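Numbering-wise (the working numbering), the sequence shown opens with residue 5 and increments by one. Note that CB positions come from ideal geometry on N, CA and C, so glycine has one too. None of the values given here were measured: they were computed from a predicted structure. Everything below concerns the one structure shown next.
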Amino acid sequence: GLWKRLVCFAYRTSQPYPPPQLPHRFTDAQLDHLGRTMTLADELHELQSSQDDRGDNGKEREAITENLDRACLKLCISLLDHILPGDHFESVILSFLAVLGVDGAEGKVFKEPSSYSPELSKFIKISQMLVIQRAVMAANDGEVEHPSVLLDEMRERFMVRGSRTAFDWACRLRAFAKKVVSNTTSLGYILWSEDAQTVTYKHATFTMDAFRDFIAVQVREAQQQLEGLLLLHPDEHRDDVVPKLRLHRLQ
5 GLWKRLVCFA YRTSQPYPPP QLPHRFTDAQ LDHLGRTMTL ADELHELQSS QDDRGDNGKE
65 REAITENLDR ACLKLCISLL DHILPGDHFE SVILSFLAVL GVDGAEGKVF KEPSSYSPEL
125 SKFIKISQML VIQRAVMAAN DGEVEHPSVL LDEMRERFMV RGSRTAFDWA CRLRAFAKKV
185 VSNTTSLGYI LWSEDAQTVT YKHATFTMDA FRDFIAVQVR EAQQQLEGLL LLHPDEHRDD
245 VVPKLRLHRL Q
């Protein structure tokens, strides 16, 4: 997933060998959480690599895994909780999103808005879920009385528009990308054969006979679902109860 790649990016760019020339800077809190995460990851790796089959090995593995999950969550929150009064690309997240915009295909430089904006949507949605999970974890640990207390605090600090954070930047860039996509004519994906009996959509090719069979199957399955939803009695005829689906009237 995108956030897994982000965590790997944060780890690799924090190492001294050989450092890529990127402008982002880690905060003290981010380095602390990153160090804690990597320590637990090393412990789990050593435990999994051992051949110890004792009964307590499984419990120890579960304990380390749980602590690793918690440390990783705190690391992700610390990456989001980075106020940017100056250069936006001092944020680890924004450096990662910038690298993510590079298109590795031959002859390409940067991704098109239509292919890059979904990546921003993934980042935004998962960020919101991580913040909720952190608030619930804090309530379970007794840090706050209710999850909403920490949730409101984090939301106001780094999860709203105008907060000068990576989340704010990603939201504004996604809105701009959507506007570009909606005002740009894209290339078509549908190709017809010369006899108009075969159609190709991207990498899928099928004949009109196969397409008619597909539609017939879908209509039959939809009618069977309607029978169940309308509680059709075995003595009743479907045509008398289930409305007919006339595809030619669909707009």
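Output the boundary residues of the beta strand (DSSP E) element that contains residue 205.
Residue 205 -> beta strand (DSSP E) spans 202-205.
Under the three-state reduction of DSSP, which class applies to residue 194: helix, strand or coil?
Three-state DSSP puts residue 194 in a strand.
Opening and closing residue of the beta strand (DSSP E) in which residue 210 lies
Counting along the chain, the beta strand (DSSP E) containing residue 210 begins and ends at 208-211.
With contact counted as at least three CB pairs below 8 Å, one residue from each stretch, are the stretch 73-84 and the stretch 10-20 in contact?
Yes, since at least three Cβ pairs between the stretch 73-84 and the stretch 10-20 fall closer than 8 Å, the two stretches touch.
Between the C-alpha atoms of residue 84 and residue 158, what's the straight-line distance to the nearest angstrom?
Answer to the nearest angstrom: the Cα atoms are 10 Å apart.
For residue 205, is the classification buried or exposed, using 16 other Cβ atoms within 10 angstroms of its Cβ as the cut-off for buried?
Residue environment: residue 205 is assigned as exposed (fewer than 16 neighbouring CB atoms within 10 Å of its CB, all protein chains considered).
Which residues does DSSP pair with residue 11 in a beta bridge?
Beta-bridge pairing links residue 11 to no other residue.
Sequence-distant residues of the same chain with beta carbon closer than 7 Å to residue 210, five excluded per side:
Same-chain partners within the cutoff: 203.
Unbroken alpha helix (DSSP H) run spanning residue 172, endpoints
Per DSSP, residue 172 is one residue of the alpha helix (DSSP H) stretching across 170-186.
Should the stretch 165-180 be called in touch with the stretch 119-131, which here means at least 3 C-beta pairs below 8 Å?
Yes: at least three Cβ pairs fall under 8 Å.
Tell me, to the nearest whole angstrom, how far the beta carbon of residue 114 is from that of residue 106; I am working on the premise that it is less than 8 Å.
Residue 106 and residue 114 do touch by the CB rule: their CB atoms are close to 6 Å apart, below 8 Å.
Residue 31 versus 67, 96, 45, 166, residue with shortest Cα-Cα distance:
Ranking 67, 96, 45, 166 by Cα distance to residue 31 puts 96 first.
Can you tell me whether DSSP reads residue 218 as helix, strand or coil?
Collapsing the DSSP output to three states places residue 218 in a helix.
Give me the Cα-Cα distance between residue 139 and residue 151, rounded to the nearest whole angstrom.
Taking the straight line joining both Cα atoms gives about 5 Å.
Does the beta-carbon distance from residue 163 to residue 135 come in below 8 Å?
Result yes, Cβ atoms of residue 163 and residue 135 sit closer than 8 Å.
State yes or no: is the C-beta of residue 98 within less than 8 Å of the C-beta of residue 170?
The answer is yes: Cβ separation under 8 Å.
Helix, strand or coil: which one does DSSP assign to residue 30?
Coil, per DSSP.
Exposed unless 16 or more other CB atoms sit within 10 angstroms - verdict on residue 189
Using a 10 angstroms sphere on the CB of residue 189, the tally of other CB atoms stays under 16, which defines it as exposed.
Three-state secondary structure assigned by DSSP to residue 106
Correct three-state label for residue 106: strand.
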